[in-house]
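Below is one structure, written out as structure tokens; comments come after it.
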Amino acid sequence: MFATENLPLIVLRYRQVNLTCFHLAMLALMATRAVVTFRTGGTSHLLQVLFRDGSMYYIWILGLAMLNVVIMASLPDDYLPLLVFIHQAVHSVLSCRIILQLREQRKSKTRWQDNI
1 MFATENLPLI VLRYRQVNLT CFHLAMLALM ATRAVVTFRT GGTSHLLQVL FRDGSMYYIW
61 ILGLAMLNVV IMASLPDDYL PLLVFIHQAV HSVLSCRIIL QLREQRKSKT RWQDNI
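By the count of UniProt numbering, the sequence shown reaches residue 116 at its end, each step adding exactly one.
Structure follows, in structure tokens:
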């Protein structure tokens, strides 16, 4: 057995741990920025939607990333990519949800004027 045979599994584990740390840092930065913004008087509905949905996005993604790390540490190698595809799908769905909520918020606050 050569050391290079396990390289993809090692890379997958390393990537997942780094991704979990990245999501944790992004959640902390999002929460810090939200607190600072709302303390200084930022009451925009658009910011409220952005911070609410963004925080939920990072909480869900962080939870899945942590679950992936636990699965990678405790299950046999055959189960390593088990949640990787689910993680990617949830990432796409939640990202689209944020964009759609921001569009809906913008649309509800836009007032159209007729120039006729």
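Backbone N, C-alpha and C define an ideal beta-carbon position, used for all residues, glycine too.
- Put simply, the backbone Cα of arginine 15 is about 25 Å away from that of arginine 97.
- A contact between stretches requires three or more CB pairs, one per stretch, nearer than 8 Å, and the segment 38–55 fails this requirement with the segment 78–90.
- Taking 9 Å as the cut-off, the Cβ atoms of phenylalanine 22 and alanine 34 do not count as close.
- Secondary structure of leucine 80 (DSSP, three-state): coil.
- Counting C-beta atoms within 10 angstroms of its own C-beta, leucine 100 has fewer than 16 neighbours from the protein chains shown and is therefore classed as exposed.
- Setting aside the 5 residues that flank it on each side, methionine 30 is surrounded in the same chain by Phe51, Gly54, Ser55 and Tyr58, each with a C-beta closer than 8 Å to its C-beta; the list follows chain order.
- Judged by DSSP in its simplified three-state form, glycine 42 adopts coil rather than helix or strand.
- Around the beta carbon of threonine 20, 16 or more other beta carbons lie within 10 angstroms, which makes this residue buried.
- Here leucine 27 is not near leucine 80, since their CB atoms are 9 Å or more apart.
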